[in-house]
Amino acid sequence: MSSGISGNRGETAPIAGGATVAARRYWWQSPIARRRASYGYLTILPWIIGFLAFTAYPIFASLYYSFTEFPILKGPSWAGLQNYERMFFQDDLFWHSLRVTAVYSLVAVPSGVIVGYLVALILNQKVAGLSVWRTMYFMPSIVPAVASAFLWSWIFNSEFGLVNGFLMNFGLRGPKWFFSEEWVLPAFMIMHLWGAGGGLVLYLAALQGVPTTLYEAAKVDGANVWHRLVHVTLPMTSPVILFTFLTGIIGSFQIFTAGYIVTGGGPRNASLFYVLYLFRTGWNYFQMGYAAALAWVLLIIMLALTLLTLYASRRLVYYEFSEEGK
Amino acid sequence: MLNKGLSRRLRRRSFLAGLGAMAALPILAACQPQVVEKVVEKVVEKPVEKVVTQIVEKTVEKVVTQIVEKEKVVEKEKVVEKLVTVAAGPKKMTATLRFSSWWGDAFNAWFPIVEAKTGIKIQYEPLAWGEWKQKLLTQLAGGVAPDLFQIDASENGVFFPSGQLLPFDDWLKKENIDMSKWSLDPRKENGFEGKIMGLSIITMVDAIVWINQELAEKDGLLKDAPTWGKPNYDTWRWDDWVKWLKAGTKVKSDGTVEQYGLDASFGTWGDFVRVFVHQNGGSIFDDDWNYKETKSMVDQPAVLEAVQFVNDLVNKHKVAPTPDAEKAIQGGSYRAKRAMSTMNWSSAGIYPEDKFWPQSYIHLPYSKNKTHAAGGNYISVDKASKQIDAGFHWTTQFCIDEDVRKIFLSFNVPAYDPLAIVGSAPEGQGKTVALVQLSRIKGMSTVPKNTEGVIEYPRWYGSKASGFVQDTLKFAMESVVTGKLSVKDAFTEAKAKIDAELAKKK
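First to last, the sequence lines map onto chains H and S.
Counting in this note's numbering, the first sequence runs without a single skipped number right up to 354 at its last residue.
Counting in this note's numbering, the second sequence runs without a single skipped number right up to 597 at its last residue.
Pasting the structure below:
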């Protein structure tokens, strides 16, 4: 060959300038590697089939359905951009549900991250009964969503609930919480905070991974507790904070169970979260095409928020072993 | 058998019997092909021969007797037809059908009975009430639905126009089912474009008032109440009822309610609100029955008055708990003995006396019309089923079989010939509630006078936007109960939304 690069295994090839490099070969050029790869693919074949049938196909099918009118028992018929047009220009409930979900996320996610992080900071100290406290804070996050929804509907009951009962001791008459248009979202936000311990494990792992040498060095430099928190702890644990924040956003935009069980979207649609509206459109109104369009818009919103967060995090998140950190 | 008879000494009676039998043979011969044809057509697999033989033999014996007694050929033909049906019993078939329902284990008691009579086995697929609709629709859309499935009439508008259900008409006609025995004409209750799309299992329950005898008696409120069995039964109007409920509501000095007159959930729209609308002469659409609605009527005075009445029970008269107060009590105020009475369905299983307390019953007081709801639960046959005849056969047998219906009574009142079953039931709460339930149905009531002026209303919400309509009415009702909007504003707004949605579906 004029270039001097041969395809034979193990051979070296002269190149311009007289230097030699090992010939670059791809795995499929080797019979042994091909055989090994085929075994690999064979063993993951069940997963591939499952993925194609139960994940990839539904994803692309729903994309197609989003451009159709699809009353469930009559099959889809092409409708072009009609569903999207309706969504953005005619459907007040779309905007309403988006607003409800955004308000909820805007408060619930940051507060959940802050509370979870603060609890982790406290539980990272040497306090008595540490394992008990850690278990107690983490436990709510593993309570099934349905059980949690029922529990909180009782706690926030306006007549006999724990919260209003407590307020009554101070002569205060509590709000109607889940039965009040004004208080239903705050009630869901508080309910969300109860599960803030879910990120505890991650935060604790991150906190314990901060080298003590950094704290010692900061102390030597005269840093107080606040300085150490802001300049050492937060930067060193920021990747985990970013992770919980991102998953929190995605989770909060998908809130469904609590709303479905406790309020069904009421009163007067005050807790009509986006996914609840999507479900209602699909399974109460049987407009599968429109429901699919709602789902795709949700995906795009979450994708945009994720990218935005990642972009913003470039200046806020510190990666100890990143290219920049080297 | 006839030869044996002739070999004996010929008596006048025997001679006539023989003559009758001979006369009957041509009739039988004329009738026989019809019977055989019917059986062969349906019993595709094994027992054709057996069934035919059985029918012919038994028919001959009985016809002979009839002829001797009546001596009229024209009448004999009718007798033969009837006897064939009775003597043959349900046909036997070999089939296994898939069947889904949300009634849980209740069906397990009935399957063996129907199987013993039809030979048809059931592969049961229980569903949860909260998911039956979603699951069944998904199955139908995917072509994997059960052969038979239970449907709640509130969803008629979704299932009937879909073309996925098979009409029963031809089958019922072929089987000579006495259609006058249904508590409500199936064409009305489960009909779509003149065809019967399913067979009702139950007579639709009515909303009635259950009274805790102990609490009502304590305040002397039981003696004048128009409870079941009294001459003044079912005579109360709304005003009478409100007075009584007020007398049964007890408020402490600090303003907290110790006992409500009525336990009911009026926080949102539902069956228990709709009944008042129809009592008051209102309707949801311009055509509530035929799935051809073009506009909503929820802004009409009859509807507004009814909604106002319901709202007043909670917010003005304060005789019923607010939705959150009601939700706070496990099982509701009535179960907790914090309400003297409750509005609930006429189904004895809801508050069984052996687990609760002695109770009395009044039918729901009315304003203009006494009402009875149409559309309970029914069974339909999937169009895609490969065992259609077996599906029709099993469903029909299940609905009309006496043994099934007798057991059924402990659960609910059957839809087919209910009074015969209820009447023969042992005395007790089950029978009483069942009689209350039938008391407004013409031809089924033991107090026929009580059926005068009763109007029926459907439980479904049209075919074009059933779910949307219900959600819109819920929103309107919540606006009223929470005091955000007046009844007029809330329901005028609801009408506009519903009409706009219906206009899209034209």
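Yeah, the Cβ is synthetic: ideal placement off N, Cα and C, and Gly gets one too.
Element boundaries [beta strand (DSSP E), containing residue i]
i, result
"T318 (chain S)", "No beta strand (DSSP E) contains T318 (chain S), which DSSP labels as neither H nor E."
"E222 (chain S)", "Unbroken run through E222 (chain S): none, as it is neither H nor E."
"A465 (chain S)", "K461 to A465"
"E246 (chain S)", "Element bounds for E246 (chain S): n/a, residue is neither H nor E."
"I302 (chain S)", "A298 to N303"
"M388 (chain S)", "Neither: M388 (chain S) is in no beta strand (DSSP E) and is coded neither H nor E."
"I453 (chain S)", "Q450 to H454"
Sub-8 Å separation of residue i and residue j beta-carbons
i, j, result
"F284 (chain H)", "F314 (chain H)", "no"
"I293 (chain S)", "A506 (chain S)", "yes"
"A332 (chain H)", "S90 (chain H)", "no"
"S291 (chain S)", "W273 (chain S)", "yes"
"A307 (chain S)", "A298 (chain S)", "no"
"Y305 (chain H)", "L213 (chain H)", "no"
"A516 (chain S)", "L275 (chain S)", "no"
"N371 (chain S)", "S458 (chain S)", "yes"
"Y548 (chain S)", "G248 (chain S)", "no"
"L526 (chain S)", "W319 (chain S)", "yes"
"I479 (chain S)", "L257 (chain S)", "yes"
"R296 (chain H)", "F566 (chain S)", "yes"
"H221 (chain H)", "G140 (chain H)", "According to the sequence provided, residue 221 (chain H) is Leu. The question's His does not apply to it. Yes, these two residues count as a Cβ contact at 8 Å."
"S432 (chain S)", "G339 (chain S)", "yes"
"F489 (chain S)", "Y382 (chain S)", "no"
"D354 (chain S)", "E187 (chain H)", "no"
"V572 (chain S)", "N402 (chain S)", "yes"
"M219 (chain H)", "A286 (chain H)", "yes"
"L239 (chain S)", "K226 (chain S)", "no"
"Y324 (chain S)", "P412 (chain S)", "no"
"W327 (chain S)", "P456 (chain S)", "yes"
"M434 (chain S)", "F363 (chain S)", "yes"
"K418 (chain S)", "N192 (chain H)", "no"
"V410 (chain S)", "K341 (chain S)", "no"
"I498 (chain S)", "A207 (chain S)", "no"
"G361 (chain H)", "S125 (chain H)", "The structure shown has nothing for residue 361 (chain H), since chain H only spans 29 to 354."
Alpha helix (DSSP H) segment containing residue i, residue limits
i, result
"I60 (chain H)", "P59 to F79"
"Y552 (chain S)", "Where Y552 (chain S) is concerned, there is no enclosing alpha helix (DSSP H), given that its DSSP letter is neither H nor E."
"M115 (chain H)", "Q110 to F117"
"A136 (chain H)", "D120 to L151"
"V192 (chain H)", "The amino acid at residue 192 (chain H) is misidentified as Val; the sequence shows Asn. Here the alpha helix (DSSP H) through N192 (chain H) covers L190 to M196."
"A245 (chain H)", "T240 to V248"
"W436 (chain S)", "No alpha helix (DSSP H) holds W436 (chain S); the beta strand (DSSP E) holding it covers A430 to W436."
"I20 (chain H)", "Residue numbering for chain H in the displayed model covers 29 to 354; residue 20 (chain H) lies beyond these limits and cannot be assessed."
"H255 (chain H)", "V253 to R256"
"F202 (chain S)", "F202 to T209"
"S506 (chain S)", "According to the sequence as given, residue 506 (chain S) is Ala; it is not Ser. Where A506 (chain S) is concerned, there is no enclosing alpha helix (DSSP H), given that its DSSP letter is neither H nor E."
"R308 (chain H)", "Y302 to W311"
"K588 (chain S)", "V578 to K595"
Bridge partners - residue i, DSSP secondary structure assignment
i, result
"V342 (chain S)", "S:V348"
"Y469 (chain S)", "S:I242 and S:S291"
"R189 (chain S)", "S:Q214"
"Q230 (chain S)", "According to DSSP, Q230 (chain S) bridges with nothing at all."
"K286 (chain S)", "S:F283"
"L335 (chain H)", "Bridge partners of L335 (chain H): none, in fact."
"L257 (chain S)", "Partner(s): none; L257 (chain S) has no beta bridge."
"I546 (chain S)", "S:T462"
"D276 (chain S)", "Beta-bridge pairing links D276 (chain S) to no other residue."
"P99 (chain H)", "H:Q315"
Chain A residues whose Cβ lies nearer than 9 Å to that of residue i
i, result
"F207 (chain H)", "Given the protein chain composition of this structure (H and S), no chain A is represented."
Interface positions of the region 537-562 of chain S facing chain H (Cβ-Cβ less than 9 Å), listed along the chain: A556, S557, G558, F559, Q561 and D562
Interface residues of the region 236-265 of chain S facing chain H [CB-CB below 7 Å]: V249, S253 and Q255
Beta strand (DSSP E) segments (min. 3 residues) lying fully within the region 362-416 of chain S: none
Members of the region 317-330 of chain H near chain S, C-beta cut-off 8 Å: none
Any beta strand (DSSP E) of 3 or more consecutive residues that is wholly inside the region 168-232 of chain H: Runs found: none.
Members of the region 230-244 of chain H that neighbour chain S once the beta carbon cut-off is set at 7 Å: none
Residues from the region 95-110 of chain H in contact with chain S, defined by Cβ distance under 9 Å: P99, I100, L101, K102 and G103
Near-chain H residues of the region 219-235 of chain S - C-beta to any C-beta below 8 Å: For the region 219-235 of chain S, the set of residues with a beta-carbon nearer than 8 Å to any beta-carbon of chain H comprises K224, Q225, L228, T229, L231 and A232, in chain order.
Chain H contacts from the region 356-387 of chain S (Cβ-Cβ distance under 9 Å): Answer in chain order: G358 and T359.
Contact list for the region 111-134 of chain H against chain S, Cβ threshold 9 Å: none
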